[in-house]
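Heads up, the thing below is written out as structure tokens.
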Amino acid sequence: MPKPLIKGSLATALLVTLLTACQPDMPAEVRSGLVYCSEGSPESFNPQLVTSGTTIDATSRQLFDRLLDINPNNGEFKPALATHWERREDGLSYTFYLRPNVQFHQTDYFTPSRSLTSADVRFSFERVMHSNHPFHNVSGGEYPYFQTVDWANRVVRIATPTDDQVVFYLRQRDSSFLSNLATDFAVIHSAEYAEQLLQQNQRQRLDSHPIGTGPFKFREYRKDVFIRYYRHNDYWGEPSQLEQLVFDIEPNNAKRMARLLTHECDIIAYPRMAELELISKRADVKVQQQTSMNVGFWAFNTSRAPFDNSKVRRALSMAINRDAILQAVYFDQAEAATSLLPPTSWGHNPTLLPVQFDPDRARTLLAEAGYPYGFNMTIWAMPIQRLYNPSATRMAEMMQADLARIGVRASIVTLEWNAFRRQLRQGDHDSVLLGWNADNTDPDNFFRPLLSCNGVESGTNRALWCDPAFDALLAQALLTDDQAIRRSYYWAAQQYLTEHLPLLPLAHAKRFQAVNQRVEGVGINPYGGIDLSTAFIRSDEETP
């Protein structure tokens with residue numbers, strides 16, 4: 002473990018003193034229950050509309066349920082709102098049997114008159130599928146994950162033969178179909194609530210004042226300050242022991258750490274790597290870690306020169322000292338990436354090697370591409386800390402120095418998180434440091450969102466790289482359930498990416514979170530967002 006940047010109780014006390022003075026004034030009744038320190042504000046309270054991990058963490062598993070989930074211990078599907086399901090032999094339809102007596106949230110703005118039925122499932126997905134649906138264009142009409150996997154074209158129709166049965170009819174066999182239904186984006190909304198909003202001409206509230214079936218229900222949100230949830234007492238699963246759950250929003254890493262040390266936060270995600278050794282020695286804090294399905298990468302905007310030239314992309318990639326980045330940014334708590342897929346994925350191609358650090362060869366390639374004296378470019382760096390990139394700004398600074406040695410003059414662009422994502426969606430970047438957390442075990446979950454032609458249209462493909470030959474490999478992999486055959490297509494896809502380099506995979510990071518010693522029942526899910534419904538806080542008498 003590398004040496005921490007902060008040592009001892011004196012440094013800790015100084016850190017807390019300096020950083021707590023300017024904290025937002027949160028009412029005492031809000032800062033109760035379990036407080037989770039989050040790194041940013043959600044873009045929406047509907048996970049269907051986003052791919053942002055910050056939004057998913059705050060909403061998906063707290064407020065909503067899916068038809069099926071993924072067992073975090075073995076990656077297999079398990080029942081959720083559907084108790085079981087059947088697939089037709091030809092793979093062209095799936096029938097789901099719904100759990101009885103599942104109750105929607107009752108809040109001060111909605112009182113349900115019935116439990117979950119197949120109509121709610123049909124509503125939740127037809128909104129995504131049909132452009133003429135009354136809710137499709139609400140909140141912008143963008144459903145990035147579903148657009149990326151071509152959901153509207155792959156699902157022909159949804160039938161509801163009974164209240165407890167829903168049938169999905171597919172255009173062709175799709176071996177990733179169940180995986181897509183188990184993602185954090187595939188949440189179920191209340192059709193009854195939507196109908197009420199339609200009559201009140203307040204359709205946008207579906208995405209800002211959510212109603213789900215999850216373990217917590219929405220209470221209050223103050224942008225950039227906090228989110229407050231109450232326990233859903235009629236939850237179909239084991240009700241949470243927490244009466245209240247609060248997301249305390251603080252983008253500053255050091256301030257989040259200070260709040261953990263002063264016990265104003267019970268959990269912080271993504272503690273700074275430099276401080277792990279410090280906090281792991283404290284009696285009042287425990288550090289959790291998990292090998293996670295993720296990748297951090299550097300994407301090139303292939304829609305503009307000179308990044309449309311594969312020689313330029315390779316030259317830039319060879320100029321980067323990845324080993325130095327792994328040490329200085331990840332503190333050696335990550336593995337060098339040879340592919341988008343982490344080694345723990347069954348589709349990973351182990352024959353691939355990392356792009357070599359070779360500045361001399363990089364300069365030669367630039368000259369061959371017509372840029373002997375380099376050029377100017379931008380590196381967009383995320384303003385927040387994420388699992389796959391603990392410090393995009395620090396990484397960008399190191400890359401900036403590396404690129405200068407081959408004559409490329411890079412400037413760094415960073416903005417407030419939501420503004421950063423909006424402007425990135427417009428394609429104004431030359432390159433960007435981002436990453437991806439897997440929502441399931443299927444390799445398709447990495448490839449189609451990040452590099453397919455559909456991903457360009459949906460805004461998840463930040464390389465803006467559309468290659469029909471690459472898409473054809475992905476399409477063929479979905480037409481069979483034979484894992485060996487699918488693996489051969491994914492191996493070929495990874496080799497193709499190595500040759501063309503629309504993005505440079507950098508690292509697969511371990512996931513960490515720091516938890517107050519009194520908090521139990523919370524862990525790290527390697528296949529998606531956080532679930533705080535099983536957490537509870539021991540009393541002082543129970544704490545050793």
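Residue numbers (our numbering): 2 to 545.
Note that beta-carbon positions come from the ideal geometry of N, C-alpha and C, so glycine has one too.
All of these numbers come straight from a predicted model, not from anything done at the bench.
Three-state secondary structure (DSSP) of residue i
i: Gly238; result: coil
i: Ile269; result: strand
i: Gly141; result: helix
i: Glu278; result: helix
i: Lys287; result: strand
i: Thr13; result: Here the model assigns Thr13 a pLDDT of 47, short of 50, so the residue's position is not dependable, and the following value carries that caveat. Reduced to three states, the DSSP call for Thr13 is helix.
i: Pro252; result: coil
i: Asn517; result: strand
i: Leu435; result: strand
i: Met383; result: coil
i: Asn154; result: helix
i: Lys224; result: coil
i: Ser39; result: strand
i: Pro343; result: coil
i: Glu127; result: helix
i: Val122; result: helix
i: Thr149; result: helix
i: Ala329; result: helix
i: Glu336; result: strand
i: Thr96; result: strand
i: Leu261; result: helix
i: Gln24; result: Residue confidence for Gln24 is low, a pLDDT of 48 falling below 50, so the modelled location carries little weight; the figure read from the coordinates is stated next. The answer is coil: DSSP assigns Gln24 none of H, G, I, E or B.
i: Gln107; result: coil
i: Tyr528; result: coil
i: Arg323; result: helix
Rounded straight-line distance, which links the Cα of residue j to that of residue i
i: Leu388; j: Gln49; result: 21 angstroms
i: Trp299; j: Leu99; result: 42 angstroms
i: Arg232; j: Thr112; result: 16 angstroms
i: Phe332; j: Ala476; result: 38 angstroms
i: Leu199; j: Pro162; result: 25 angstroms
i: Asn302; j: Val103; result: 46 angstroms
i: Ala470; j: Cys454; result: 11 angstroms
i: Ser346; j: Asn526; result: 15 angstroms
i: Ser45; j: Phe358; result: 41 angstroms
i: Thr379; j: Thr118; result: 50 angstroms
i: Gly142; j: Gly371; result: 42 angstroms
i: Val433; j: Asp440; result: 22 angstroms
i: Gly34; j: Leu246; result: 6 angstroms
i: Ser116; j: Ser191; result: 9 angstroms
i: Ala494; j: Leu317; result: 22 angstroms
i: Gln289; j: Tyr491; result: 32 angstroms
i: Asp361; j: Gln328; result: 23 angstroms
i: Gln242; j: Arg62; result: 16 angstroms
i: Arg422; j: Val51; result: 11 angstroms
i: Asn278; j: Gly529; result: Per the sequence presented here, residue 278 reads as Glu, with Asn not at that position. Rounded to the nearest angstrom, the two C-alpha atoms are 26 angstroms apart.
i: Asp285; j: Met258; result: 13 angstroms
i: Ala536; j: Ala397; result: 37 angstroms
i: Val226; j: Gln201; result: 29 angstroms
i: Asp70; j: Gln107; result: 24 angstroms
i: Met294; j: Pro343; result: 6 angstroms
i: Phe376; j: Asp324; result: 25 angstroms
i: Tyr236; j: Pro216; result: 6 angstroms
i: Thr18; j: Asn253; result: With a pLDDT of only 45 at Thr18, under 50, the local geometry of the prediction cannot be trusted, and the value read off the model is given with reservation. Cα-Cα distance, rounded: 15 angstroms.
i: Tyr230; j: Ser42; result: 15 angstroms
i: Ile228; j: Lys218; result: 11 angstroms
i: Gly297; j: Gly436; result: 4 angstroms
i: Gln24; j: Arg206; result: Only weak support is given to the placement of Gln24: the predicted model assigns it a pLDDT of 48, under 50, and the value that follows is read from those uncertain coordinates. Approximately 30 angstroms between the Cα atoms of the pair.
i: Val313; j: Tyr497; result: 17 angstroms
One or two residues paired with residue i in a DSSP bridge
i: Lys511; result: Thr292
i: Lys312; result: Looking at the DSSP assignment, Lys312 forms no beta bridge with any residue, so it has no partner.
i: Leu505; result: Trp299
i: Ile214; result: The sequence shown places Thr at residue 214, not Ile. Its beta-bridge partners do not exist; DSSP assigns none.
i: Ile538; result: Val520
i: Thr163; result: Gln166
i: Leu171; result: Val156
i: Phe46; result: DSSP output for Phe46 lists no bridge partner at all.
i: Val247; result: Val36, Arg229
i: Phe219; result: Tyr230
task: Could you pull out every unbroken beta strand (DSSP E) segment of at least 3 residues lying fully inside the stretch 55 to 91, listed in chain order?
output: 69 to 71, 78 to 80, 83 to 88
message: Just to confirm the assignment: which complete alpha helix (DSSP H) runs, minimum length 4, are found wholly within the stretch 183 to 212?
response: 192 to 200, 206 to 209
- prompt: At which residue ranges does the stretch 408 to 488 contain complete alpha helix (DSSP H) runs of 4 or more residues, listed in the order of the chain?
  reply: 418 to 426, 445 to 452, 454 to 459, 469 to 478
query: Where are the beta strand (DSSP E) runs, 3 residues long or more, that stay fully inside the stretch 350 to 403, in chain order?
result: 377 to 382
query: Touching or not, the stretch 252 to 270 and the stretch 496 to 505, by the rule of three or more beta carbon pairs under 8 angstroms?
result: no
field: Contact between the stretch 204 to 213 and the stretch 147 to 162 (3+ Cβ pairs under 8 angstroms)
entry: no
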